[in-house]
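Student:
This is how it looks when you write it as structure tokens:
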């Protein structure tokens, strides 16, 4: 998938529908071994015991990402990729209360410095210099109140791999791998982090945050289609931002990292009963939080826009697709492979090789995320000799071909088999299995959705594929955006 | 070619054993757990081929490995890379029953994956597929192993990959330091110190692949292991049916690893304009089958911790923020290596190198405390647990060790040994392996930027040889059969292009092409006009938006004109324009009439035509019609790696009785570079040399 691909949006291909169905032959053992349960506060957990090696992988999935950042606080969600590393407030601190007081003093000094800097943005002022000195003192005092390496030391000394953290448009994922007998330690440390985080490096992290870099074409697309939708906030981010405080991160943690908004999956050398007991003991204290409010999901489609001032001419056609969890989302996963999967790379073959209209093509199965309705996007960069209407016609003919007749069974089988093999491959290792199961659990309410999804892949038929295509790949569900390199001559 | 089995990032997990940190939190943990061995049933097919089957029904998915008794050690001295080219071509070239494309389609339809690797004394094919496709997957595997197609295209693709590897060997300080250190650590081994060169790769022919393939698959030493969701009994029968009837030769003698004695020196890999430095130190590691290997694993951990402690304590290198990485790179049967190193500012590289060498010299197994030893045991076991965290990986690892003569329970046995190793045994192993003595170090940087002179802290300082011998021109086959066949196929080509008489009557030729050139910055429109006048005057005029370039060549020298200014042709451009003139198709077809051309046949409808000034080209003829479908040659530009270029011809037209391609697609390094249509072509239109020579 190229074209609109952006490091900001890591789109997991696997999207699990809540399909009713019977466990397919071959998945019985997985179904029997996979356990799931929830705590009284709503935290959902899944366990896949596998005693191949005395290690486990744990994934904490939070149904919250950049689209959930409050207005004016761009980057707050992504800061958690690094904030999680400092652990709970109690670890390494000489006195939690004294450290809190010292941090308040730092914040007061920061506020004063920001005010003084605003008064004399370019020039020197005594008040500003004094504020800088105060801040240096306050920061030094705070630094002396705790051992910043204490938490990392505990993690290292207990064989934990460094946490793998990623925050995307609408989710945050954290993953650890460690010796199985350290699971209780993990529960203790991270349940405590959720209740009382240290956030010691908050200001250093905040000050090192770069400007969020999103492909301008993606921004334009989000702005056009999702103007009144949380995804639209990604397009308006950075405008009107106010300086963030550690309190903002605490408030974000309190409202987003709640038991009812998270899921945990554990894969490895561990028994479900043990996970349940320890989860209840440690994570039972995490506040339930408010369930996410239902969303109007207002989107603007059917439009065609010509926008100038981009580095390269590009034509993008987006189709609105359902959120992860909708039965039809499987169709879009298969569609992405039918269109541009190996070995045929049909979309590339049609536009780049055969008709010689595009120099490159791209495809993104779900932009910008999967929690709500999103876009299935196809892009093409025309050759310098090609006019956009000709390219647009060819792109629409390509999707039209999927509506006109049932797909060749072999082509559908190739796409479905590859997807199925890739999921089975992921389930083989602890880390990717825990990541997959946590996502499924958080978004669908049941980790066994993965089995239903695998069943669905085996059951999909050309007729059914065509029928679903005819519901989505239609003008009323489409947005066409043309990005032009230069202004048209008047 | 060797396998990376263990990566220790600094001393990240080095303190795992120090349970007190957890104790402070009121938690208690037991002894470290070891990696268990899943049940594996070992069988032997009726012809002696060994089979390991490990049923695991958790997922309907299979992982398999075929171990072939042939590794890099078998590559002839002048054909390093032959094993790699053979195995790659075997997997990508199709079989006698299925084309390469059909194999790709089948694998795609099953969701199957196949990959390969060539090691010191063995080669591997690893595959995976959903359980329901195991039968067709095994059928395909049997076909690939028994009847590979070995088409020239697959071989050439594999060769192109190796050429790229050679060309990028010293491209940055990190890769250069790695390559130099690996070579230094194997300096005393006759076979393992060898280095792949362009000439080696170029000399590989299809018949070499066939011979190597016969050795790879003909021995009963071959081993096949399967793990996953299957029923063992029918699979065993299926394997007997497919592989048991092969005629096999007795097991060949095992390849003995070489001594692995390193060059005890600090090597400078001088990379002008590098911009930063990479400093690396290492020692040889014994093979995984070596009796001392478990003790060496513990020593690796202890050594890594010692090195990190010393580097951290050295105030002179503190500003460098060195984040050293320890990498253990081992093979089941060949000597491997243990490295430590990191990126630093080039100005400080000599200080860091000195610090690394001093640290390595002070390591003493005798000084290790019981607490450190216990910590190392836990760390190594944890690393094994993380590396072998899936039972299919355990089965594959056990299969490798079993292939090289160890018992099936070698892995659990290693765990047991690790737990029981005493300090005295460790000290003895460190003494035998001379851990602090058998070291080499490398600094890869631009030496002009050093603030201090390079001092090896007792090791002699030497310059590493980073030269890569340029590829020699491909020599045509000169045996009588190849030359005679070359003449026959050339005659066929002449006939297809319009006949000898028509070709010989051409006094001047011109064609105008228009199309797209694909550059990293995007595609651009381009047109050009080629004009040729006998005997060998050539001119090309290029037009791109905002740019016009003309190049002229009179058979000896020439000029280039850009924006009204003309300059004599620089050597690289002269070579390029000579090549353009040499590769005009109608001229190539008359090669038998040109004294300085040699034509030979290399099989599968391919002609090798060599010309003056080391020019050569391979012409791929349609075996039925004799028309050239494509040509392949190399564009030697600055830098060590020549760029393989391929021009594909289609949409043939007839111009005054001469057939000319209507479309020319060019690929460089297998990547699409240009796509042109011939918009005009003329013969004998009366162009004169003076017209061509006229400067814009």
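Protein chains in written order, with this note's numbering: chain U, 9 to 498; chain P, 279 to 974.
Every residue, glycine too, gets a C-beta built ideally from N, C-alpha and C.
The structure presented is a predicted model; accordingly, all values stated were derived computationally and were not measured.
Any C-beta of chain P sitting closer than 7 Å to the C-beta of residue 448 of chain U?
Tutor: Not an interface residue.
Student: Look at the alpha carbon of residue 800 of chain P and the alpha carbon of residue 481 of chain U, and state the distance between them as a whole number of angstroms.
Tutor: Looking at the two C-alpha atoms, the distance is approximately 30 Å.
Student: Roughly how many angstroms lie between the CA atoms of residue 327 of chain U and residue 180 of chain U, to the nearest whole one?
Tutor: Each residue's Cα considered, the two are about 25 Å apart.
Student: Since residue 81 of chain U and residue 249 of chain U are thought to touch, with beta carbons under 8 Å apart, how far apart are those beta carbons, to the nearest angstrom?
Tutor: Between residue 249 of chain U and residue 81 of chain U the Cβ distance is about 7 Å, and since that is below 8 Å, they are a contact.
Student: Secondary structure at residue 368 of chain U, three-state DSSP: helix, strand or coil?
Tutor: The answer is strand: DSSP assigns residue 368 of chain U an E or B state.
Student: Who does residue 561 of chain P pair with in a DSSP beta bridge?
Tutor: DSSP lists P:616 as partners of residue 561 of chain P.
Student: Please report the distance separating the alpha-carbon of residue 31 of chain U from that of residue 435 of chain U.
Tutor: Per-residue confidence for residue 31 of chain U stands at a pLDDT of 37, beneath the threshold of 50, marking its modelled position as unreliable; the derived number appears in the next sentence. Approximately 16 Å between the Cα atoms of the pair.
Student: Would you tell me roughly how many angstroms separate the C-alpha atoms of residue 603 of chain P and residue 620 of chain P, rounded to the nearest one?
Tutor: Residue 603 of chain P and residue 620 of chain P: Cα-Cα distance of roughly 6 Å.
Student: Alpha carbon to alpha carbon, how far is residue 638 of chain P from residue 557 of chain P?
Tutor: Cα-Cα distance, rounded: 13 Å.
Student: Does the distance from the CB of residue 427 of chain P to the CB of residue 373 of chain P come in under 7 Å?
Tutor: Contact: yes.
Student: Alpha carbons only, please: which of U:455, U:432, U:431, U:423 is nearest the one belonging to residue 386 of chain P?
Tutor: That would be U:423, whose Cα lies nearest to the Cα of residue 386 of chain P.
Student: DSSP state of residue 255 of chain U, grouped into three classes?
Tutor: Looking at residue 255 of chain U - three-state DSSP - the assignment turns out to be helix.
Student: Under the three-state reduction of DSSP, which class applies to residue 223 of chain U: helix, strand or coil?
Tutor: Of the three classes helix, strand and coil, the one that applies to residue 223 of chain U here is coil, per DSSP.
Student: For residue 418 of chain U, go through chain P and note every residue whose CB falls closer than 9 Å to its CB, in chain order.
Tutor: Under the 9 Å cutoff, chain P gives 383, 387.
Student: Going along the stretch 789-818 of chain P in order, which residues come within less than 7 Å of chain U, judged by CB to CB distance?
Tutor: Answer set for the stretch 789-818 of chain P: 794, 796, 800, 801, 802, 803.
Student: Can you tell me where the alpha helix (DSSP H) with residue 864 of chain P in it begins and where it stops?
Tutor: Segment 863-867, the alpha helix (DSSP H) holding residue 864 of chain P.
Student: Going by C-alpha distance, which of U:370, U:329, U:444, U:450 is nearest residue 486 of chain U?
Tutor: Of U:370, U:329, U:444, U:450, the residue nearest in Cα terms is U:329.
Student: For residue 168 of chain U, I'd like the list of residues in its chain whose CB is within less than 8 Å of its CB, leaving aside the five on either flank, ordered along the chain.
Tutor: Taken in chain order, the residues that qualify are 184, 185, 186, 190, 194.
Student: Quick one: residues in its chain with C-beta nearer than 6 Å to the C-beta of residue 574 of chain P, no 5 flanking neighbours on either side, listed in chain order?
Tutor: Result list for residue 574 of chain P: 564, in chain order.
Student: Please report the distance separating the alpha-carbon of residue 289 of chain U from that of residue 439 of chain U.
Tutor: Going from the Cα of residue 289 of chain U to the Cα of residue 439 of chain U covers about 24 Å.
Student: The alpha helix (DSSP H) spanning residue 478 of chain P covers which residue range?
Tutor: Looking at the DSSP string, the run of the alpha helix (DSSP H) that includes residue 478 of chain P is 476-480.
Student: Against chain U, with Cβ distances strictly below 7 Å, would residue 457 of chain P count as a contact?
Tutor: It does not; no Cβ of chain U falls within 7 Å.
Student: What separation, rounded to the nearest whole angstrom, lies between the Cα atoms of residue 772 of chain P and residue 855 of chain P?
Tutor: So the two alpha carbons sit approximately 24 Å from each other.
Student: What's the C-alpha gap between residue 846 of chain P and residue 822 of chain P?
Tutor: For residue 846 of chain P and residue 822 of chain P, the distance between alpha carbons rounds to 22 Å.
Student: Can residue 269 of chain U and residue 292 of chain U be called in contact, C-beta distance under 7 Å?
Tutor: No, Cβ-Cβ distance for residue 269 of chain U and residue 292 of chain U is not below 7 Å.
Student: Return the residue from the list U:389, U:59, U:381 that minimises the CA-CA distance to residue 371 of chain U.
Tutor: Per the Cα distances, U:389.
Student: Counting only runs that start and end within the stretch 74-153 of chain U, where is the beta strand (DSSP E) found for 3 or more residues in a row?
Tutor: Segments of the beta strand (DSSP E) lying fully in the stretch 74-153 of chain U: there are none.
Student: Keeping to the same chain, check which residues put their C-beta closer than 7 Å to that of residue 307 of chain U; ignore five residues upstream and five downstream.
Tutor: 233, 234, 237, 328, 381, listed in sequence order.
Student: How close, in whole Å, do the beta carbons of residue 398 of chain U and residue 365 of chain U come, if the pair is a contact with beta carbons under 8 Å?
Tutor: 6 Å between Cβ atoms; contact.
Student: How would you call residue 110 of chain U, buried or exposed, if buried means at least 16 neighbouring beta carbons within 10 angstroms?
Tutor: The residue in question, residue 110 of chain U, is buried, as its Cβ has 16 or more Cβ neighbours within 10 Å.
Student: Among P:423, P:410, P:793, which one has its Cα closest to the Cα of residue 394 of chain P?
Tutor: Ranking P:423, P:410, P:793 by Cα distance to residue 394 of chain P puts P:423 first.
Student: Beta-carbon of residue 606 of chain P versus every beta-carbon of chain U: anything under 7 Å?
Tutor: No, residue 606 of chain P does not count as interfacial toward chain U.
Student: Report the residues of the stretch 938-972 of chain P with a CB closer than 9 Å to any CB of chain U, ordered along the chain.
Tutor: Those residues of the stretch 938-972 of chain P that come within reach of chain U (Cβ to Cβ, closer than 9 Å) are 950, 953.
Student: In terms of DSSP beta bridges, what is residue 341 of chain P paired with?
Tutor: Answer is P:406, P:505, bridged to residue 341 of chain P.
Student: How is residue 65 of chain U classed by DSSP in three states: helix, strand or coil?
Tutor: Residue 65 of chain U: strand per DSSP, three-state reduction.
Student: Please say whether residue 491 of chain P and residue 359 of chain P have beta carbons closer to each other than 7 Å?
Tutor: No, they are not a contact pair.
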